[in-house]
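Trainee:
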Amino acid sequence: MQSGELIEIPARHGKALKLKKGQAVRLINTHGTQVVDCWAWNAADLADHMSMEATRVWLQRLNPLVGDTFVTMKRNPILTLVEDTSPGVHDTFMAACDRHRYERLGVKDYHRNCLDNMFEGMRDLGVEPPMPILASFNVFMNIAVEGDGRSLNTGPVVTKAGDYITLRADMDCYVAFSACPQDIVKIQGEAGTPRSAHFMVLDQGFPSPPPRPAWVP
Ligand SMILES: [Zn+2]
1 MQSGELIEIP ARHGKALKLK KGQAVRLINT HGTQVVDCWA WNAADLADHM
51 SMEATRVWLQ RLNPLVGDTF VTMKRNPILT LVEDTSPGVH DTFMAACDRH
101 RYERLGVKDY HRNCLDNMFE GMRDLGVEPP MPILASFNVF MNIAVEGDGR
151 SLNTGPVVTK AGDYITLRAD MDCYVAFSAC PQDIVKIQGE AGTPRSAHFM
201 VLDQGFPSPP PRPAWVP
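What the sequence shown shows, in UniProt numbering, is residues 1 to 217, in sequence order.
1. For the beta strand (DSSP E) holding GLU83, just list the boundary residues, first then last.
2. Find the nearest neighbour of ARG75 within the set GLU53, LEU62, ALA95, GLU83, judged by alpha-carbon distance.
3. Using a Cβ-Cβ cut-off of 8 Å (strictly less than) and excluding sequence neighbours within five positions of PRO213, which residues of its own chain qualify?
4. Shortest alpha-carbon distance to LEU46 belongs to which of SER178, MET122, GLN23, VAL89?
5. Can you say whether PRO10 is buried or exposed, counting buried as having 16 or more other CB atoms within 10 angstroms of its CB?
6. Measuring alpha carbon to alpha carbon, tell me which residue in SER86, ARG112, CYS180 is nearest VAL36.
7. Let me check understanding here. Comparing Cα to Cα, which of ILE7, PHE119, ALA44 lies closest to CYS97?
8. Considering only the alpha carbon of each residue, which of ILE7, ILE187, MET200, CYS173 lies closest to LYS18?
9. So the candidates are ILE28, PHE177, LEU65; which of them puts its Cα closest to the Cα of ASP124?
10. With respect to 7 Å, is the separation between the Cβ of ALA96 and the closest non-hydrogen atom of ligand 1 below this value?
11. Spatial neighbours of VAL145 within its chain, please: CB distance less than 7 Å, with the 5 preceding and 5 following residues excluded, ordered by chain position.
12. Just to confirm, are VAL66 and THR55 a CB contact at a threshold of 8 Å?
So, in structure tokens, the structure goes:
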């Protein structure tokens, strides 16, 4: 995988990559309508995976802004959001879709799903994740906290074609993406049809952002 090479995440499928510390990956919402689930693992310790629950503690907020760092379940910084040309609507709450979710939605036959896509992408690299991880970073997914402060509203993606985010690796790590196959619950924008997305690895350095005053150790 060469720096700057545009790699497709085919609709309803997964793709993974390895980043060295300091490299970054730019994830592009090619059609502007697609949710992409994201996972990451410490390359030196696969049991130390990116954790949405630990990240919310670290950031003291629900969803990340540019400059925010994701941490692992062992509280190690792993990825930092360094660019975001989208409206900044992402989700750290919702479990990745899996085959059980589709069975509960009434699907009789096997339905492709993000959790299996995560395994698919990593196994293509010859890496076996030690456990299923339902808590993914759901890029471009539009989940809003309602005015009552406790209810969640699921809406369609609000990005436009070509919007992207860039995640800088703060350690050597694996990153997996899934172009979410959800076609029953209306989360993909407009027609609700799962589409492809793309990513590219960037070698250029992204400097550490200044510490935010609200950061709580
Ligand atoms: Zn999904």
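Just so it is clear, CB atoms sit at the ideal spot from N, CA and C, and this is done for glycine as well.
Mentor: Judging by the given coordinates:
1. Where GLU83 is concerned, the enclosing beta strand (DSSP E) stretches over 77–84.
2. The residue with the shortest Cα to Cα distance from ARG75 is GLU53.
3. Interpretation of PRO213 is limited by its pLDDT of 46, a score under 50 that renders its predicted location unreliable; no figure is taken from the coordinates.
4. If we check each option's Cα against that of LEU46, MET122 comes out closest.
5. Answer is exposed; the Cβ neighbour count stays below 16.
6. Distance check between VAL36 and each of SER86, ARG112, CYS180 places CYS180 closest, using alpha-carbon atoms only.
7. Between CYS97 and the set ILE7, PHE119, ALA44, the nearest pair of CA atoms involves PHE119.
8. That would be CYS173, whose Cα lies nearest to the Cα of LYS18.
9. When each option's Cα is compared against that of ASP124, the closest is PHE177.
10. Yes, the Cβ of ALA96 comes within 7 Å of a heavy atom of ligand 1.
11. Correct list, in chain order: LEU62, LEU152.
12. Contact: no.
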